[in-house]
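Chains as they are written, first to last, in the numbering used here: chain A, 5 to 467; chain B, 5 to 467.
Beta carbons: idealized from backbone N, C-alpha and C, even for Gly.
Working notes, structure below.
Protein chains: 2
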Amino acid sequence: MTTVVTSGIDLLATAVEDQAVPVGRVDWRPPMPGTAADLATVATDPLRSEANRRALEAFLGVTARLVDVAPAAEVLGLERGQFLHAGPPITWDRASGPLRGGLMAAAAFEGLVDDPEDAPALFESGSFTLDPCHHHHAVGPMAGVVSPSMWMFVLEDAASGRRTFCSLNEGLGKVLRYGAYDDTVLTRLRWMRDVLGPTLQRAARATAGETDVTGILTQMLQMGDEAHNRNRAGTLMLLRDLSPALATSGVDAADLAEVFRFVGGNDHFFLNLAMPACKLALDAARDIPGSTMVVAMARNGTDFGIQVSGTGDEWFTGPAQVPEGLFLGDYGPDDANPDIGDSAITETAGIGGFAMATAPAIVRLVGGSVPDALAATRRMHEITLGENPRWSIPVLEFQGVPTGIDVTRVCRTGILPQINTGMAGKVAGTGQVGAGLVTPPAEVFPAALARLAELARGRGDHL
Amino acid sequence: MTTVVTSGIDLLATAVEDQAVPVGRVDWRPPMPGTAADLATVATDPLRSEANRRALEAFLGVTARLVDVAPAAEVLGLERGQFLHAGPPITWDRASGPLRGGLMAAAAFEGLVDDPEDAPALFESGSFTLDPCHHHHAVGPMAGVVSPSMWMFVLEDAASGRRTFCSLNEGLGKVLRYGAYDDTVLTRLRWMRDVLGPTLQRAARATAGETDVTGILTQMLQMGDEAHNRNRAGTLMLLRDLSPALATSGVDAADLAEVFRFVGGNDHFFLNLAMPACKLALDAARDIPGSTMVVAMARNGTDFGIQVSGTGDEWFTGPAQVPEGLFLGDYGPDDANPDIGDSAITETAGIGGFAMATAPAIVRLVGGSVPDALAATRRMHEITLGENPRWSIPVLEFQGVPTGIDVTRVCRTGILPQINTGMAGKVAGTGQVGAGLVTPPAEVFPAALARLAELARGRGDHL
């Protein structure tokens, strides 16, 4: 074994030599402009340290299990004409193309209009209501549109009984969540409503509580998935866990085969379980006075918003950025909509862009290199409260993923959270145009810090 | 993106600093003792360079697809009383405990004896015949015992029509291939014969040619599997590929559920497809005069043997070594049998121990560290003819796996092929006792080199 170890050093040394740069490390960075006073206040808040410890502990204590699959009307109480969407609150007049496209598809899917093109007038006139997924214990990728007839995964933390929800993933290409609304989109949604949802419900109920989504995430991180842009192993493990119950579900064999084909052919299917699992864990860290831990990052295609444990349900928002990355076919940067979707809940929970080191295969998709991937994860440790012992990265010698984004660390270092994301076309109806990397608008963190400082000052003798 | 790249360098530099050693590289090693003259002869063989190019090209040109699952009696023509085994040829009197145990289980499974304990007398008396799997286009893990009633995976390379075969994987613990033969072993083998085999046959025939085993191996290497001791992603992808056909197979729902549960619960199931896929590719490189490429490494629990392209079907053998690694429960090194099984066909094809870098999770199982894993793969590039563009390792910036073990490079550097392996108990009936790392006995390479030199001299004006 000794000679093998020696060669290991050789490999790493060569990698550095190949990059022909001196060895060094930057230990100090200037804080974000204008944050010095608030940083001093929050740093001396007597609640902060214990509050963050509790927030991280609460997060790490959650195990998300799949307990049901059921229509949104039933599990969220959504009524005809009510729609949920990704990100912080927004109105139709400020909604971007892909969000509008997703809402148009959903309106047609619900039978509120015959032609999706007739929907905008009804949204403009205020006939329908819009509300964020996050306000209903739910999350949705990209446009994140949920309507009453859509089927939802239901995840539960047995210890607390808390639940979170997410719709079923449609696959790639022209799909509602990327803002497409043509007939292929609606036909697929109807099949998902009539066949996929009811079939998965039977399997989920037959196995209730046996499918450990948090545990599958542990395994995925050992299998090249970062659980945001790559969910291949997770999807396969979901199929494995449900397949015996699917076999005995009594569903027509041809329909069952189609369910296997659809799920097995969509490497992103598990994203819609990873996201609510992350939300379930992060929700446990909410509402702890003094905690500077970020509990949600979400985008509606216009605004990027964060929520912080110590500041309750308040959103701190700024303009969503356009990702940098690679484009499909002839699309280019001018075709891309600003960042959209609740899927940054994965990064908020320490995976996705935070776990890039474990998914070198994904860096090509988003336009980076393998060293970029390793470095991205290392950088995120500089702005997080701790590591997750259940979610570790083999190639980093099984170090836990960076967990619990700390508003104070972000403001003090200027390092912004790294997000992997798909890119939607900015024109409603387009669909996906690419995938890339993006960060939040920097200003949301000083805004959250200011509010934390204000609350700390309100509690006592502070700077 | 720029700052991310900078941190990437930081990471690698830190890894070197942490190991506190000077940066350096060893470029020269002494050749194996006594090989100088033969190395000179083979190095100047005018056939060698082109022969090795052809051998590697033939290997790389093979695509293995699953075309059938059928009993060994049918596809190999095995008759009652005939048994195949792993490794080079051996007789009962020299067979180790786990090989004897596997043969005893198979004799009882075939109904040749009622009690496995009655089988040794019949093997001793010469009532049964033994033959290597490799002499029948087959491979078998560990004991590698095949008897007529066992069902076999049938893989085919469509371009050449060549086929290879392997039995179905039983799972871990007390199983025939580790030399166990109690009632649980026989009960499982009967269920595999009566339910698993026929069910997989229906799915394999319904999807004939659609399951691309070579392509699944490509994906596995991006998902933490090295395809010898870790086959989790491969097993999941096999299930995915077969599940639609399984759903419409007409098999009783309860049996189908049990098939899903058995395969999904056995992360090693795909090993028995990885192995014949490797053999199918390596067989294409056989029998090329002058080629110094190893086309088989196999162990019967007593002898370790290699076959080389330029030397036909001749085995070069030496004593199998006892692996070093980790032991299950209370077992220790004294309980371990020497190296056994045809599974080193994976390393011969550039995966398994040669692809350790892509499977850091496996290094803990075999007692190593993450740098060991990276280093093992890099070392194997020093003794191989080339890289496999279809099987690449993400964390090594998508470098192809080291492919085509070159007898001359092994003799010139003294670097032995690195093999990952399970360890069987040396007493028949024990089962698995651990997992670890092992190498071939060094002397098989000079022996093969001497024969290559002899053949080269026979062809013309050589040293």
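{"query": "For the region 232-245 of chain B, which residues have a beta carbon sitting closer than 8 Å to at least one beta carbon of chain A?", "result": "Arg236, Ala237, Leu240, Met241, Leu243, Arg244 and Asp245"}
{"query": "Just how far apart, CA to CA, sit B/Leu225 and B/Ala363?", "result": "8 Å"}
{"query": "Hey, could you find the ends of the alpha helix (DSSP H) B/Asn56 is sitting in?", "result": "Arg52 to Leu64"}
{"query": "Going residue by residue through the region 212-270 of chain A, where are the continuous beta strand (DSSP E) segments of at least 3 residues, counting only ones entirely within it?", "result": "none"}
{"query": "Contact between the region 441-448 of chain B and the region 132-144 of chain B is defined here as three or more beta-carbon pairs at a separation below 8 Å; is this criterion met?", "result": "no"}
{"query": "Note down, in chain order, all residues in the region 166-190 of chain A with a beta-carbon under 9 Å from any beta-carbon belonging to chain B.", "result": "none"}
{"query": "Going along chain A in order, which residues have a C-beta closer than 7 Å to the C-beta of B/Leu204?", "result": "The contacting residues do not exist; B/Leu204 stays about 14 Å from chain A at best."}
{"query": "With burial defined as no fewer than 16 other Cβ atoms inside 10 Å of the residue's Cβ, what is the status of B/His139: buried or exposed?", "result": "exposed"}
{"query": "Mind pulling the alpha helix (DSSP H) runs of 4 or more residues that sit fully within the region 97-129 of chain B?", "result": "101-113 and 123-128"}
{"query": "State buried or exposed for B/Thr215, treating a residue as buried only when at least 16 other CB atoms are found within 10 Å of its CB.", "result": "buried"}
{"query": "Check distances from the C-beta atoms of the region 286-305 of chain A to those of chain B and list, in chain order, the residues that come in under 7 Å.", "result": "none"}
{"query": "If the cut is a Cβ gap below 9 Å, which residues of chain A does B/Thr252 touch?", "result": "Ala257, Ala258, Leu260 and Ala261"}
{"query": "Taking DSSP as the reference, what is the three-state secondary structure of A/Ala142?", "result": "strand"}
{"query": "How would you list, in chain order, the residues of chain B whose beta-carbon sits under 7 Å from the beta-carbon of A/Arg265?", "result": "Pro248"}
{"query": "Could you give the distance in angstroms between the alpha-carbon of B/Ala288 and the alpha-carbon of B/Asp122?", "result": "41 Å"}
{"query": "Would you list, in chain order, the members of the region 199-230 of chain A that have their beta-carbon closer than 7 Å to a beta-carbon of chain B?", "result": "Gln226, Met227 and Gly228"}
{"query": "Check whether the Cβ of A/Pro327 lies closer than 8 Å to any Cβ atom in chain B.", "result": "no"}
{"query": "Output the distance between the C-alpha atoms of B/Val27 and B/Val370, rounded to the nearest integer angstrom.", "result": "Because the pLDDT of B/Val27 is 36, which lies under 50, any placement of that residue in the model is unreliable, and the number read from its coordinates should be weighed accordingly. Rounded to whole angstroms, B/Val27 to B/Val370 spans 27 Å at the Cα level."}
{"query": "Flag A/Val374 as yes if its beta-carbon sits less than 8 Å from any beta-carbon of chain B, otherwise no.", "result": "yes"}
{"query": "So, is A/Glu230 buried or exposed, given that buried needs 16 or more other C-beta atoms within 10 angstroms?", "result": "buried"}
{"query": "Would you please verify whether the beta carbon of B/Val149 is less than 8 Å from any beta carbon of chain A?", "result": "no"}
{"query": "Considering just the uninterrupted stretch of the alpha helix (DSSP H) at B/Gly462, what are its terminal residues?", "result": "Val448 to Arg463"}
{"query": "Quick check: what's the CA-CA separation for B/Arg461 versus B/Thr45?", "result": "7 Å"}
{"query": "Which value, in whole angstroms, describes the spacing of the CA atoms of B/Gly426 and A/Pro393?", "result": "28 Å"}
{"query": "Against chain A, does B/Ala163 count as a neighbour if the rule is that its beta carbon must be under 8 Å from one of theirs?", "result": "no"}
{"query": "Look at the alpha carbon of B/Ala210 and the alpha carbon of B/Asp161, and state the distance between them as a whole number of angstroms.", "result": "18 Å"}
{"query": "At a CB distance below 7 Å, what residues from the region 396-413 of chain A approach chain B? Give them in sequence order.", "result": "Pro398, Val399 and Glu401"}
{"query": "For A/Thr188, count neighbouring Cβ atoms within 10 angstroms of its own Cβ and tell me buried if that reaches 16, exposed if not.", "result": "exposed"}
{"query": "Between A/Glu328, A/Ala281 and A/Glu174, which lies nearest to A/Arg265 when the distance is taken from Cα to Cα?", "result": "A/Glu174"}
{"query": "Over the uninterrupted beta strand (DSSP E) stretch that includes B/Gln4, give me the two end residues.", "result": "Chain B is shown from 5 up to 467; residue 4 of chain B falls before or after that span and cannot be answered."}
{"query": "Can you pull the chain A neighbours of B/Ala468, defined as C-beta to C-beta under 8 Å?", "result": "Because chain B spans 5 through 467 in this model, residue 468 of chain B falls outside it and cannot be assessed."}
{"query": "Across which residues does DSSP place B/His272 in a beta bridge pair?", "result": "In DSSP, B/His272 forms no bridge with anything."}
{"query": "Out of A/Leu204, A/Leu277, A/Ala439 and A/Gly435, which has the shortest C-alpha to C-alpha gap to A/Ala249?", "result": "A/Leu204"}
{"query": "Could you have a look at A/Pro375 and say whether DSSP puts it in helix, strand or coil?", "result": "helix"}
{"query": "For the beta strand (DSSP E) that contains B/Pro323, what are its first and last residues?", "result": "Phe320 to Pro323"}
{"query": "Determine whether the beta carbon atoms of A/Phe273 and A/Leu242 lie at a separation below 8 Å.", "result": "yes"}
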